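A.B. asks: Protein chains in written order, with the working numbering: chain X, 1 to 432; chain L, 1001 to 1562; chain Y, 2001 to 2139.
We put the CB at the ideal spot given by N, CA and C, even for glycine.
None of the values given here were measured: they were computed from a predicted structure.
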Amino acid sequence: MPKKVVVIGGGIAGIQASLDLADMGYEVHLVEKTPSIGGRMAQLDKTFPTNDCSMCILSPKMIMCAGHENVTLHTYSEVEEVSGQFPHLKVKIKEKARFVNIDKCTGCGDCIAKCPVKVPDEFEQKLSKRKAIYLPFPQAVPRKVTIDGETCRMIKSGKCGVCKKVCQAGAIEFEQKDKLIEIDASAIVVATGFDLMDASALPQYGYGSCKDVVASLQFERILSASGPMGGHLVRPSDGSTPKKLAFIQCVGSRDEKMHKYCSSVCCMYATKESILAREHVPDIETTIFYMDMRAVGKGFQEFVQRAEKNYGVRYVRSRPAKVQPARGDKGVLVTYETRGLAGEQVSEEFDLLVLCPALLPSKGSKPLAKLLGLELDEDDFLKAKDMRHPVDSTRKGILVCGFASGPMDIPDSVAQASGVAARVAELLQGGG
Amino acid sequence: MARIGVFICHCGHNIAATVNVEKVVEFAKTLPDVVIADHNLYSCSEEGLGSIRKSIEKNKLDRIVVAACTPRTHEPLFRKTCEMAGVNKYLFEFVNIREHCSWIHTKEPDPATEKAKKLIAMGVAKAGLLEPQKETESSVIPTAVVIGGGLTGLTAAASLVAQGIDTHLVETSGRLGGILGDIEIIGPEFSRSKELLDQLVSELKGSSHAKIHLDTKVTAVSGFIGNFEVTIESKGKSEKVPAGAIILATGAKEFVPTGEYGYGSIPGVITQLEFERRLAKGDHPKRVAFIQCVGSRQPGREYCSRVCCNASLKNALRIVEAEPSSRVSIIHRDIMSYGTASERLYREASDKGVVFLRYGLERPANVTRKQKGLVVEVYDETIDENIDIDADLVVLATPMVSREDARDVGKLLKVPLDKYGFFLEAHVKLRPVEFATDGVFICGSARWPSSVSECIGQGLAAAAKASIPIRRGKVVVEAITCWADTDKCAACGSCVIACPYEAIEIVEDEDRRYAKVNEAQCKGCGTCVASCPNDAMQQRGFTSRQLSSMIDALIKNAMEET
Amino acid sequence: MAEFNPTILAFCCNWCSYAGADLAGVGRLQMPPNIHVIRVMCSASVKPEYVLKAISGGVDGVLVLGCHIGDCHYMTGNHRTAKRMPLVQKVLKEVGIDERRLRLDWVSASEGEKFQKVVTEFVGEIKNLGPNPMRGVKW
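1) With DSSP run on the structure shown, which of helix, strand or coil describes PHE2004/Y?
2) On the DSSP bridge assignment, give the partners of VAL71/X in chain order.
3) Flag CYS1308/L as yes if its beta-carbon sits less than 8 Å from any beta-carbon of chain Y, otherwise no.
4) So which residues of chain X does CYS2016/Y contact, with C-beta pairs closer than 9 Å?
5) Helix, strand or coil for THR1562/L, going by three-state DSSP, please let me know.
6) Where does SER77/X sit, in a helix, a strand or coil, going by DSSP?
7) Mind listing which residues of the stretch 257-269 of chain X have their C-beta closer than 8 Å to chain L's C-betas, in chain order?
8) Quick one: is TRP2015/Y buried, meaning 16 or more other Cβ sit within 10 Å of its Cβ, or exposed?
9) Would you say GLU2113/Y reaches chain X, if we count a Cβ-Cβ gap shorter than 8 Å as a contact?
10) What residues from chain Y crowd round GLY231/X, counting only those whose CB sits closer than 8 Å?
11) Taking 8 Å as the CB-CB limit, is ALA277/X close to chain Y?
12) Would you mind stating whether ILE8/X and ILE181/X have Cβ atoms separated by less than 8 Å?
13) Can you tell me whether DSSP reads LEU428/X as helix, strand or coil?
14) Between the Cα of SER226/X and the Cα atoms of VAL2123/Y, ALA2109/Y, ASN2078/Y, which residue gives the shortest distance?
15) To the nearest angstrom, report how far apart GLY1153/L and GLU1254/L are at their CA atoms.
16) Buried or exposed: MET1/X, going by 16 or more other Cβ atoms within 10 Å of its Cβ?
17) When the Cα atoms are used, what is the spatial distance from SER1055/L to PRO1076/L?
18) In whole angstroms, what is the alpha-carbon distance linking GLY38/X and VAL141/X?
19) Chain Y beta carbons: is any one of them nearer than 8 Å to that of PRO49/X?
20) Using CA coordinates, which residue listed in HIS1332/L, TYR1420/L, ILE1330/L is at the minimum distance from GLY1300/L?
21) Tell me whether PHE1027/L sits in a helix, a strand or coil according to DSSP, three-state version.
22) Does TRP1448/L have its Cβ less than 8 Å from a Cβ in chain Y?
23) Is it true that the CB of ALA307/X sits closer than 8 Å to the CB of SER274/X?
24) Would you verify that the beta carbon of MET1400/L is, or is not, closer than 8 Å to some beta carbon of chain X?
25) For a minimum of 3 consecutive residues, which ranges assigned as the beta strand (DSSP E) are wholly contained in the stretch 168-229 of chain X?
26) In the DSSP output, what is GLU285/X paired with across the bridge?
27) Are the CB atoms of CYS163/X and CYS105/X within a distance shorter than 8 Å?
28) Extract the residue ranges of the beta strand (DSSP E) inside the stretch 2016-2101 of chain Y, only unbroken runs of 3 or more that lie entirely within it.
29) Sorted by chain position, which residues of the same chain lie with C-beta nearer than 8 Å to GLY252/X's C-beta, five sequence neighbours on each side aside?
30) Show which residues of chain L have a CB atom less than 8 Å away from the CB atom of MET2041/Y.
31) Using a threshold of 8 Å, state whether the C-beta atoms of VAL414/X and ALA13/X are closer than that.
32) Going by DSSP in three states, GLU279/X sits in which element: helix, strand or coil?
33) Beta-carbon within less than 7 Å of SER209/X's beta-carbon, same chain only, minus the 5 sequence neighbours each way: which residues are those?
34) On the premise that GLY402/X lies in contact with LEU89/X, defined as a C-beta separation below 8 Å, what is that separation, rounded to the nearest angstrom?
35) Consult DSSP for PHE137/X and reduce its assignment to one of helix, strand or coil.
36) Reducing DSSP to helix, strand and coil, say where LEU1357/L ends up.
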């Protein structure tokens, strides 16, 4: 009987851990709270420093994961309760009602076309709307629609039901209930990733008050060919093409009052987004306001240099004091101090401002840690057992990988995920 | 004569709303070797698959064509269905008439229908020429070899033996521990490296699965995944170790300056590792200046060595904690204390009075020896002023660089390196501990300067990857590999050069020379096929006859229209 | 005389351009129904002979689509395609066929729109060039 492992979190770390564990012969149950696996990587346009198309490199892994004979996906599901001790952990998983029979649904999309309800699209970072019945993104795995019970008219008030009428496969099931299943797992892997801090917590940066201030992940969606602007770099206020773009780094990171730590990847992704912006708008001028340019990985320094030399990116070492709307609430005015003892306060106008907010452990991670009895560090990331065991949590048999354990980029997340697979194998072999 | 069955999918009305499925079915019946043509509402449903299986059995079909959505999602499903009905899974061809037809020509149903007919004619032509395939299986030697006995190699080996896998750890020097042997206290927890290393070594020595070879070099490697032969040499004696997987963990070394900042001419100017050794002896100077980026982030060596800022922060804290009245400065260009713990160290160092000065590449600092000791002149960019720092010791934080033997090791294992001599992984984002060559893995600073916890994480990752083929006991290759038709092969070697995986070699057989593809290495790309001037190189499932027949079918059906 | 309706053959690589074509389909991006895709694992496996065979058989245009340089699933495959196809174009020119009837382009798996654009442009170009002069030639 193959031993079972529950992986919580279907982003790249969870997917990699699942693939390796499955390849090693374990029965993997991958639990993902959104309707599709893919995580943050699915939302990225390209990845640094190679500017690989993110979905192109992610999609094959998603498909392999879903198709692996040893992997069972539990999407739109959450872990409710865990009892017992390693190696006998009873994991209760709630498979939330999708109101769609996923064995019958073929992902054809007829229902989506006819649904009358429009709500802000989480995947598109609220830059556009989705329907109450939806696919989170075109390459979703599994490619099955989900009805959002909170916004669907039928679920809330018994009206409509158009999707059921048009579904030729008869897959709509409004009476569907949440399902509780129990897995006898030998080990658990936590790979719950990150959320962006809500930048409106720092009102001086204008997020929410200035139309042309967006968060980095929103900018990523704007750049994406399959995003809400069809890959056209336009600014929210008037849909025009920005010619002067700015980034502010460390919004809420390395901050005494907010989050003291460094989110690790923002210097690099801001550089990447600047390069991509130039590819969209050949005469765009970009300024990055930063503290330290943390380009520590393979090819990273060269990437930053290329941005400066070949893509006209201007790096200004300064932490802007405030952001205000420019005339007519189109564009922004960024006030900052120039370098040196003779530094002076300057206000510069930009057409569009991107904020790089602190990257926090995803909001589900704290309650999950409580449920699992895991310790968090002072920054609320999952604490490692000790130096010798960077991917072990503080509880035996529960492993951690990726951003859930600390800010890190994709290669480090993938390496940790494979590392977790080794640790599971060691533990189940009787190792410590 | 093949017996072809063609199954056309409505996909609800995704296909049927645009493509006239009934007409296409009638057309398919007229194609050469087609015994039956049928349609399904949803071919991928239980019902659809069931009806296909029944049809195969009833009509004794030996080639199956399904015209539906994209093969990229459901090909494995239909292949399995064929197998269940007793037909080799490689005798199946998928024609895409949804993503590539009905969905993109919704306003032109008649042309879309004609196009679907042509696409199916092409698929049927290819199907008629498909051959059953057997997936090559090769067995796997259940042993791993780890090259390099530093922290990363020890971690990888310890993980493998804890998983119950026989592992040989090969180390060129006479001791285990690598660079950590010189570093007493490691950050960010300020723990003793000796404890960590001792723990790892005892895990290895305590396992019957581990064999440690000190003072040993790898002198030859041959074979492929599952079947490597690693030749190791120690004190003149040679041993051949058969292995299923190899992990490279040879680490890196500290760059020793060639005179920068007075290194070598001014006493008291030392490298970080030299400083570590002094600290280990309890030699805590009162006034220390660290200079970062000595020999890195500059023309000729552009990269940031990732770990040096954190090393200086850790050592700076050690000094001020041992002696709060110490005067410590860190002269830097950027402080690379990424993440949580390191950023904490930066704050702590600053809170405890460590002075941070920022210099620019264009104006490096200058070290001179005066009566009172060393003086470091820095042009601090933050305040635009020259500052003089007095120091007893100037510690140069230099980058990690690749070992001199890195390229030789690369040649032995046939793995690539970047321009700095760091090993090049298969994919910088998604395959950080694998090489493009199957069965060989990379971890630690040999790949890129890495911190202690990163080295451990990567060592574990490499151990996980290496364990997979060993646990499976076999390596199975999808039967889309290439082979050379020996009647046509002129042994010119074009394919050998073209192959990105070095999977082809020219072999001699009696009095004939020809190209031979190692199927376990072949990835089925077909690059060799187009490089071959003689049409000798073929790819299973994509032979030139098969693809030519598709072109012929297109021409035949297109030209007949106009 | 009926409007010229070109017949175009396209070679798409499994990892990038075929997936990009799929994405165009998923996005319901409409395009002229003149192209017929042959799936290959890598654009580097497209032999010059296939192009010449198609053209000499009367096919009006051939599209070879691979991954962007640097993104090839098989590392260096598309470098070879990049060198090879211009040579095939030269051969076409030598025998009196407009070399624009062969087009090489790069489409990644996320570029559904680019696929639509390339296909639409190419079909337009071939329409302008007119029918392949080799149509109807009896060998």
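C.D. replies: In short, the structure shows the following:
1) Translated into the one-based positions of the third sequence, residue 2004/Y becomes position 4. Reduced to three states, the DSSP call for PHE2004/Y is coil.
2) In the first sequence, the residue the question calls residue 71/X occupies position 71. Its beta-bridge partners are VAL28/X.
3) Within the second sequence, the letter at position 308 stands for residue 1308/L. For CYS1308/L, the answer is no, since every Cβ of chain Y falls outside 8 Å of its Cβ.
4) Counting from 1 along the third sequence, the entry for residue 2016/Y is found at position 16. Under the 9 Å cutoff, chain X gives CYS53, CYS56.
5) In the second sequence, residue 1562/L corresponds to position 562, counting from 1. Legend: pLDDT at THR1562/L = 46, less than 50; position of this residue unreliable, value from coordinates given subsequently. Coil at THR1562/L, not helix or strand.
6) In the first sequence, residue 77/X corresponds to position 77, counting from 1. Three-state DSSP puts SER77/X in a strand.
7) LYS260, TYR261, CYS262, SER264
8) Walking along the third sequence from the start, residue 2015/Y turns up at place 15. The residue in question, TRP2015/Y, is buried, as its Cβ has 16 or more Cβ neighbours within 10 Å.
9) In the third sequence, residue 2113/Y corresponds to position 113, counting from 1. Interface residue, yes.
10) The count along the first sequence starts at 1 and reaches residue 231/X at position 231. Near GLY231/X (Cβ distances below 8 Å), the residues of chain Y are GLU2113.
11) If you number the first sequence from 1, residue 277/X lands on position 277. Chain Y contact via Cβ: absent.
12) Residue 8/X sits at position 8 when you count from the first residue of the first sequence. Residue 181/X sits at position 181 when you count from the first residue of the first sequence. Cβ atoms of ILE8/X and ILE181/X: not closer than 8 Å.
13) What you label residue 428/X is simply residue 428 of the first sequence in a count that begins at 1. The answer is helix: DSSP assigns LEU428/X an H, G or I state.
14) Position 226 of the first sequence, counted from the start, is the residue given in the question as residue 226/X. Closest by alpha carbon: ALA2109/Y.
15) Taking the second sequence and counting its residues from 1, the one referred to as residue 1153/L is at position 153. Taking the second sequence and counting its residues from 1, the one referred to as residue 1254/L is at position 254. Each residue's alpha carbon lies about 18 Å from the other.
16) What you label residue 1/X is simply residue 1 of the first sequence in a count that begins at 1. MET1/X comes out exposed.
17) Here residue 1055/L refers to the residue found at position 55 when the second sequence is read from its first residue. Here residue 1076/L refers to the residue found at position 76 when the second sequence is read from its first residue. The straight-line gap from Cα to Cα measures roughly 19 Å.
18) Indexing the first sequence from 1 puts residue 38/X at position 38. Indexing the first sequence from 1 puts residue 141/X at position 141. Whole-angstrom Cα-Cα distance: 8 Å.
19) Locating residue 49/X in the first sequence gives position 49, where the first residue counts as 1. No, because no Cβ of chain Y sits closer than 8 Å to the Cβ of PRO49/X.
20) Numbered from its first residue, the second sequence carries residue 1300/L at position 300. That would be TYR1420/L, whose Cα lies nearest to the Cα of GLY1300/L.
21) As a first step, residue 1027/L is located in the second sequence; it is residue number 27 there, counting from the start. PHE1027/L falls in the helix class under three-state DSSP.
22) Position 448 of the second sequence, counting from 1, holds the residue named residue 1448/L. So, not an interface residue.
23) Here residue 274/X is taken as the residue at index 274 of the first sequence, counted from 1. Here residue 307/X is taken as the residue at index 307 of the first sequence, counted from 1. In contact: SER274/X and ALA307/X (Cβ atoms closer than 8 Å).
24) Locating residue 1400/L in the second sequence gives position 400, counting from the first residue. No, no contact with chain X.
25) 179-185, 187-190, 194-196, 213-215
26) One-based indexing of the first sequence puts residue 285/X at position 285. Paired residues: LYS244/X.
27) Residue numbering aside, residue 105/X sits at position 105 when the first sequence is read from its first letter. Residue numbering aside, residue 163/X sits at position 163 when the first sequence is read from its first letter. For CYS105/X and CYS163/X, no; Cβs fall outside 8 Å.
28) 2035-2040, 2061-2066
29) For the purposes of this step, residue 252/X is taken as the residue at position 252 of the first sequence. Taken in chain order, the residues that qualify are MET197, ALA199, ALA201, LEU202, MET258, HIS259, PRO357, ALA358.
30) Residue 2041/Y sits at position 41 when you count from the first residue of the third sequence. Residues of chain L passing the Cβ test: ILE1480, GLY1524, CYS1525, GLY1526, GLN1539, PHE1542.
31) For this step, residue 414/X is matched to residue 414 along the first sequence. For this step, residue 13/X is matched to residue 13 along the first sequence. Yes. Within cutoff.
32) Position 279 of the first sequence, counted from the start, is the residue given in the question as residue 279/X. Helix.
33) For the purposes of this step, residue 209/X is taken as the residue at position 209 of the first sequence. Excluding positions up to five away in sequence, the list reads PRO203.
34) The residue labelled residue 89/X in the question sits at position 89 within the first sequence. The residue labelled residue 402/X in the question sits at position 402 within the first sequence. Wrong, their Cβ atoms sit about 20 Å apart, outside the cutoff.
35) For the purposes of this step, residue 137/X is taken as the residue at position 137 of the first sequence. Here PHE137/X sits in coil by DSSP.
36) Walking along the second sequence from the start, residue 1357/L turns up at place 357. Correct three-state label for LEU1357/L: strand.
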